[in-house]
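Novice: Structure incoming, see below.
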Amino acid sequence: ENKKDTSVLLIHGFGCSTTYWRRTITALTDAGYKVHALDLLGQGKSSKPGRADGIEISINLWAELVDLYMKDNMSADPSVVLSGNSLGSLIALAAATGDFISQGPKIVNEKIKGICMFNCGVGLNSRGIANEGGIAKKVIVNVIFIILNFLIFNNIGLLKYVLENVVTPELLKDTLKNLYVYEPENVDDELVDSFYLPAKDPGSPEALSQIYTNDPGATPMELHDTYKNTKLAEIPIHLVWGDNDVVTPLNGGVGQFYVELAADTSSKVSLDVVNSGHVPFDDNPNDSNGSMLRWLDHIESKA
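So this note's numbering is basically just the index in the sequence shown, starting at one, shifted up by 5.
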């Protein structure tokens, strides 16, 4: 039985699904929180339409879908915390601005009570790192991506071959263990299958291509700057960051941005560093989900 007024909506990262939230869902429901989790369009068990269907994958599209999900499934919930991992954290930030695709009132602006991020990505793809530096870095990064897109990521046939013939459960298991540095044994068959099976869907090659080649969208830093006088600046934001995260390292541009923001006593941003890799809530669930629950209980008590 749910005892809390606050509901939590979990938003996964690139190539992931609702499956890897398993330990977080258990921790939240045991603590009395109502939990929702969704597979983003083009990922996990969700459908994978492409350009022929009028779909262009973007951070704003996914932010729009978060708002639509809330309208359909959470309209009766008193308040909602968005929680993301990596790319999902950036989607949560974008959703909180209320400024994505459709015009008019957004339910996310009415319901949102805070954001909990398990690290945070820089953009839809890594091209967003170009915005972390000066003009020289932007030119170099963009040139590299132009070459990679031409040779690999715009080549749907090549991506299809790789997903069908190169990606195996064994390869995925080894790769995931590099991301689960605290408890690699948590990389079990259930987790591997949650990555492997969606990769075999017919629409996966184009979804992967779009994610790598489409506009990366605004970085977290740009969102905070652009929307500093909106809801995004008013709500509490909590981050849980793995000290051994090699995908979004704490000493990277986004990580350092949030370290500095959390150190600013005038901000509503807090940050805990835990012993883990890129998926702290499933790698080191006790410390990571514990940090989230303490923060949730704090903002719940102030309601």
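C-beta: ideal position from N, C-alpha, C; glycine also.
From a predicted model like this one, the values you see are computed outputs, not experimental measurements.
Identify whether H283 lies in helix, strand or coil by the three-state DSSP scheme.
Specialist: DSSP places H283 in coil when its eight states are reduced to three.
Novice: Could you give the C-beta distance for S88 and A97, rounded to a whole number, given that I count them as a contact under 8 Å?
Specialist: Confirmed, about 7 Å.
Novice: Rounded to a whole number of angstroms, what is the C-alpha to C-alpha distance between K233 and T102?
Specialist: The straight-line gap from Cα to Cα measures roughly 10 Å.
Novice: Under DSSP, the beta strand (DSSP E) around L15 begins and ends at which residues?
Specialist: Segment T11 to I16, the beta strand (DSSP E) holding L15.
Novice: With DSSP collapsed to three states, give me the class of L123.
Specialist: Note on identity: in this sequence residue 123 is Phe, with Leu being the wrong assignment. F123 falls in the strand class under three-state DSSP.
Novice: In the DSSP assignment, the alpha helix (DSSP H) including A268 goes from what residue to what residue?
Specialist: Element bounds for A268: G258 to A268.
Novice: If I measure Cβ to Cβ from L298 and keep anything under 8 Å in the same chain, skipping five residues before and after, which residues do I get?
Specialist: Taken in chain order, the residues that qualify are A32, L33 and A36.
Novice: Based on the DSSP output, what are the partners of K39 in its beta bridges?
Specialist: Answer by DSSP bridge pairing, in chain order: S12.
Novice: Alpha helix (DSSP H) containing I112: first to last residue?
Specialist: Start and end: I112 to K116.
Novice: I think W246 touches N124, with their Cβ atoms under 8 Å apart; what is that distance to the nearest whole Å?
Specialist: The Cβ separation is near 5 Å, so the contact holds.
Novice: Quick one: what's got a C-beta closer than 6 Å to L15's C-beta in the same chain, skipping five residues either side?
Specialist: Excluding positions up to five away in sequence, the list reads W26, A42 and S88.
Novice: Among residues of its own chain, excluding the 5 on either side of N191, which ones have a beta-carbon nearer than 7 Å to its beta-carbon?
Specialist: Once the five neighbours on either side are set aside, the close Cβ partners of N191 are Y185, D287 and D288.
Novice: How many angstroms separate the CA atom of H243 from the CA atom of S275?
Specialist: If you take the alpha carbons of H243 and S275, they lie about 5 Å apart.
Novice: For the alpha helix (DSSP H) containing V86, list its first residue and its last residue.
Specialist: Not the alpha helix (DSSP H): V86 falls in the beta strand (DSSP E), residues S84 to N90.
Novice: Per DSSP, which one or two residues make a beta bridge with W26?
Specialist: Beta-bridge pairing links W26 to no other residue.
Novice: So, with DSSP's three-state summary, where would you put D230?
Specialist: Looking at D230 - three-state DSSP - the assignment turns out to be helix.
Novice: Go to V245, then tell me how far its beta strand (DSSP E) extends in each direction, as first and last residue.
Specialist: From DSSP, the beta strand (DSSP E) with V245 extends over I242 to G247.
Novice: Based on DSSP bridge pairs, tell me the residues matched to S275.
Specialist: Partner(s): H243.
Novice: Under a three-way DSSP split, which group does F202 fall into?
Specialist: At residue 202 the sequence reads Leu, which differs from the Phe that was named. Reduced to three states, the DSSP call for L202 is helix.
Novice: Along the chain, where does the alpha helix (DSSP H) containing I161 start, and where does it finish?
Specialist: Note, I161: alpha helix (DSSP H), I161 to Y166.
Novice: Shortest alpha-carbon distance to F19 belongs to which of A100, L266, G47 and T231?
Specialist: Ranking A100, L266, G47 and T231 by Cα distance to F19 puts G47 first.
Novice: Answer yes or no: do A204 and V252 have a C-beta to C-beta separation smaller than 8 Å?
Specialist: No, these two residues do not count as a Cβ contact at 8 Å.
Novice: What do you reckon, are the CB atoms on D77 and K111 nearer than 8 Å?
Specialist: For D77 and K111, no; Cβs fall outside 8 Å.
Novice: Should T24 go down as buried or exposed, given a rule of 16 or more other Cβ atoms within 10 Å for buried?
Specialist: That one is buried.
Novice: Under the assumption that G49 contacts L92 (Cβ atoms under 8 Å), give the Cβ distance between them as a whole number of angstroms.
Specialist: Rounded, the Cβ-Cβ distance is 13 Å, inconsistent with contact.
Novice: Could you give the DSSP three-state label for T224: helix, strand or coil?
Specialist: The answer is coil: DSSP assigns T224 none of H, G, I, E or B.
Novice: Taking the straight line between their C-alpha atoms, what separation do you get for G282 and N256?
Specialist: Taking the straight line joining both Cα atoms gives about 13 Å.
Novice: Take E239 as the anchor and find which of A223, T231, S272 and V264 has the nearest alpha-carbon.
Specialist: Minimum Cα distance to E239 is reached at S272.
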